[in-house]
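Counted the way our numbering counts, the sequence shown spans residues 502 to 974.
C-beta: ideal position from N, C-alpha, C; glycine also.
Predicted model only: the values in this text are computed from it and were never measured.
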Amino acid sequence: APPPPALAALEKAARADGRWPEAMVARHEKAYGASYQPKVRARNALYFAEQFKRFGVEHVHVHFANRATHTALFLKELTGLPFSFTTHGQDFMVDLGSDALLKEMCDAAAFIVSVCDYSRDLLAQKCPEAASKMVRIYNGMEPGDFPGARPPVMNRPPGPTRLLSIGRLIEFKGFHRLIEAVGMAKQKGADLSLRIVGEGPWRDQLQGQIDSLGLNHAITLVGRRSLEEVAGEFAEAEAFALACVVDSKGASDLLPTVITEAMLNALPVISTTVAGVPEMIEHGRTGYIVAPNDVEAFAAALVRISSYPAHALAMGDSGRRLASDRFAVANTIAQLTAKFSEAGTTQPAPAAQVVNPVVWGFYDLALPDRLKWLEREQAPLSELDGRVVAAGGRADEKALQTLGKTVWDLEWLPDGIVLESEWRMRAPWRAQLEALRTDLATSVDGEVFLRAARRAVWLAVRISRSQEPPRLL
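So, in structure tokens, the structure goes:
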């Protein structure tokens with residue numbers, strides 16, 4: 502969504518022409534409280550209504566049961582545009598904070614996806630009237646992105662069994678229980694080492710626990726690692742362990758993606774029966790699952806992994822085959838596409854049309870005078886069927902109102918998380934731009950260059966998805 506000053510300008514324009522959903526805003530504020538910011542939801546919906554109409558969008562799917570789905574409710578009220586959403590667990594159980602709003606979202610949705618059976622059952626208990634619209638579709642991954650089979654046991658170097666665990670260092674990841682279990686397994690004679698990848702507020706506490714148990718020689722908190730470094734950690738490990746628990750606030754992991762990654766890396770997995778984890782691991786075949794907080798049972802599983810390396814290797818191979826089927830993104834996308842088809846939201850692609858080139862204008866409104874440039878150039882851009890992208894949010898509300906209708910037509914550069922995601926997914930472009938940065942040497946500030954490079958990648962993606970041949974201003 503645009504920055505707040507632009508949204509405020511949209512609200513003023515909508516009130517003037519009668520599009521502002523006054524009654525719904527008032528009802529939601531009374532029913533759910535001011536903290537749910539129904540005015541912000543309405544502002545966002547007004548903006549997206551214009552964008553989606555422009556791009557011919559026929560259905561909206563939101564990937565969390567949170568404020569974005571709340572916005573989809575307002576979008577449907579404004580335009581009739583159908584929506585669906587994916588629930589996880591933490592989102593609707595804790596983050597949303599209102600079962601009444603959850604029920605309204607479920608009632609209005611065309612269908613609801615849950616990422617595991619456990620989550621779907623919880624949601625059905627809260628919203629039984631919508632249970633028939635709920636479907637389980639696992640989060641998908643690409644098996645081809647992972648290396649596959651492990652070397653045979655006879656090629657294993659001497660030394661302890663190498664355990665790996667990955668996650669944010671918080672209570673419900675259960676690292677404190679894992680550390681206890683490793684200590685207990687070593688007391689039983691198992692030769693183990695453990696590397697824990699991740700950062701978080703529990704780091705000092707966990708390091709203190711390792712120190713007090715005298716396990717510094719066996720357990721290492723390695724901190725945050727890049728994606729490439731994490732791949733290396735998986736390659737060096739022989740088993741993966743995640744001792745999930747329910748924390749003191751009732752929160753827990755649901756369907757940990759890192760377990761799927763471990764399985765696709767052909768590692769046996771030791772975890773607990775928390776939430777959807779039993780849907781991921783077949784006990785005794787692809788790993789071991791024990792009750793949460795049962796340190797003795799977890800330690801016994803670690804002893805078995807360490808004592809029978811050939812069996813551990815076989816479990817890892819079985820886990821890869823299971824994950825390559827159950828969690829393959831090609832399969833999960835097919836299931837989601839089928840739901841869109843059932844909802845009548847997929848249409849044949851229109852016949853290709855010959856169109857004139859489109860001019861793209863990019864304005865960084867955080868820089869001086871850029872708003873004046875946009876104001877001056879909006880008329881010729883409009884005559885050329887121009888696409889206008891804006892970045893930054895320092896222009897004030899009053900200034901943005903001078904743009905009039907143009908403020909509805911602006912596309913806004915997304916936040917840093919989206920820019921970083923696009924950057925990481927496009928290795929060839931990234932390599933080209935990093936080579937350019939090397940060629941420029943000290944003639945440009947590195948931080949400025951990398952920020953501009955990420956914006957350039959996003960713009961290139963956006964332009965490449967258009968049907969029109971582009972010209973860029």
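How many whole angstroms separate the CB atoms of residue i and residue j, which I take to be in contact at a CB cut-off of 8 Å?
i, j, result
"LYS674", "ASP754", "7 Å"
"GLY590", "ALA763", "At roughly 20 Å, the Cβ-Cβ gap does not stay under 8 Å, so GLY590 and ALA763 are not in contact."
"TRP959", "LEU911", "The pair is not a contact, with the Cβ atoms about 15 Å apart (cut-off 8 Å)."
"ARG821", "GLY649", "7 Å"
"ILE782", "ILE806", "About 13 Å separates the two Cβ atoms, so there is no contact after all."
"ALA742", "LEU679", "6 Å"
"TYR619", "PHE828", "Actually they do not touch by this definition, with Cβ atoms about 15 Å apart."
"LEU765", "ARG651", "So it is not a contact: roughly 12 Å between Cβ atoms."
"ILE667", "TRP703", "No, ILE667 and TRP703 are not in contact; Cβ-Cβ is about 14 Å, not under 8 Å."
"ALA682", "ALA800", "4 Å"
Quick check on the DSSP output: the alpha helix (DSSP H) that includes residue i runs from which residue to which?
i, result
"TYR619", "618-627"
"HIS677", "676-688"
"HIS571", "568-580"
"ARG542", "539-556"
"LEU511", "505-518"
"ALA839", "830-843"
"VAL759", "758-765"
Can you list, in chain order, the residues of its chain with a C-beta nearer than 6 Å to that of residue i? Leave out the 5 residues immediately preceding and following it.
i, result
"ALA719", "SER694"
"ILE918", "none"
"ARG516", "none"
"ARG938", "PHE950"
"GLU739", "THR662, ARG663"
"LEU547", "LEU511, ALA515"
"LEU508", "ARG544"
"THR787", "MET816, SER819, GLY820, LEU823"
"THR570", "VAL563, PHE586, MET606"
"ARG871", "TYR864, ASP865"
"LEU714", "GLY684"
Comparing alpha-carbon positions, which option in the options lies nearest residue i?
i, options, result
"VAL747", "ASN766, ALA792, GLN706, THR721", "ALA792"
"PHE841", "PHE584, ALA543, LEU508", "PHE584"
"GLY845", "GLU559, ALA811, ALA880", "GLU559"
"LEU934", "ALA953, LEU547, SER944", "ALA953"
"GLY581", "PHE676, SER599, LYS554, ASP600", "LYS554"
"ARG520", "ALA502, GLY534, GLU530, GLU551", "GLU551"
"SER599", "ILE638, ALA839, HIS529, ARG888", "HIS529"
"PRO506", "ASP518, VAL636, ARG544, GLU523", "ARG544"
"LEU920", "ALA932, GLY947, ILE834, ALA892", "ALA892"
"ARG925", "SER944, ALA942, ARG956", "ARG956"
"ASN832", "LYS540, GLY641, LEU624, GLU578", "GLY641"
"THR721", "LEU728, ILE711, GLU730", "ILE711"
"ALA502", "GLN879, PHE549, PRO869, ARG871", "PHE549"
"GLY862", "PRO757, PRO869, TRP874, LEU837", "TRP874"
"PRO883", "LEU765, VAL860, VAL723", "Checking the sequence, you will find Ser at residue 883 rather than Pro. Considering only alpha carbons, the answer is VAL860."
"ARG966", "ALA936, ALA798, PHE556, GLY715", "PHE556"
"TYR809", "ALA839, ALA535, PRO769", "PRO769"
In chain order, what residues of the same chain have a beta carbon less than 8 Å from the beta carbon of residue i, not counting five sequence neighbours either side?
i, result
"LYS750", "VAL595"
"ARG669", "GLY699, GLU700, GLY701"
"VAL962", "GLU923, ARG927"
"GLN706", "HIS677"
"PRO851", "Its pLDDT being 47, under 50, PRO851 is placed unreliably in this model, and the coordinates cannot settle the point."
"GLY690", "VAL804"
"VAL890", "TRP861, GLY862, PHE863, TYR864, LEU911, GLU912, TRP913, LEU914, LEU960, ARG963"
List the DSSP bridge partners of residue i.
i, result
"TRP703", "In DSSP, TRP703 forms no bridge with anything."
"GLU912", "VAL890"
"TYR864", "ALA891"
"MET635", "ILE613"
"HIS463", "Not covered by the structure: residue 463. The range shown for the chain is 502 to 974."
"SER666", "ILE697"
"SER772", "ILE790"
"ALA742", "ILE771"
"HIS784", "GLY788"
"ALA953", "BP columns for ALA953 are empty, so no partner."
"MET642", "ALA829"
Looking at the unbroken beta strand (DSSP E) that takes in residue i, where does it start and where does it end?
i, result
"TYR789", "788-791"
"THR939", "First-last for THR939: 928-941, but that is the alpha helix (DSSP H), not the beta strand (DSSP E)."
"ILE720", "720-724"
Give every residue of the same chain whose Cβ lies closer than 7 Å to the Cβ of residue i, excluding the five residues on either side of it in the sequence, and list them in chain order.
i, result
"GLU734", "LEU665, ARG696, VAL698, ARG726"
"ASN567", "ASP592, ASP596, LEU597"
"LEU574", "GLU605, MET606, ALA609"
"PRO779", "ILE790"
"ALA632", "ALA625"
"VAL830", "GLY641, MET642, GLU643"
"GLN854", "With a pLDDT of 47 at GLN854, under the threshold of 50, the modelled position of that residue is not reliable, and the figure given next carries that caveat. Cβ neighbours of GLN854 beyond the five flanking positions: none."
"CYS617", "ARG637, TYR639, LEU755, LEU756, GLY777, GLU780"
Please determine whether the Cβ atom of residue i lies at a distance below 7 Å from any heavy atom of the ligand ATP.
i, result
"ALA792", "Absence of the ligand ATP from the depicted structure is noted, as is the absence of any ligand whatsoever, leaving it without description."
Would you say residue i reaches chain D, if we count a Cβ-Cβ gap shorter than 8 Å as a contact?
i, result
"ARG555", "No chain D appears in the structure shown, which is made up of a single protein chain."
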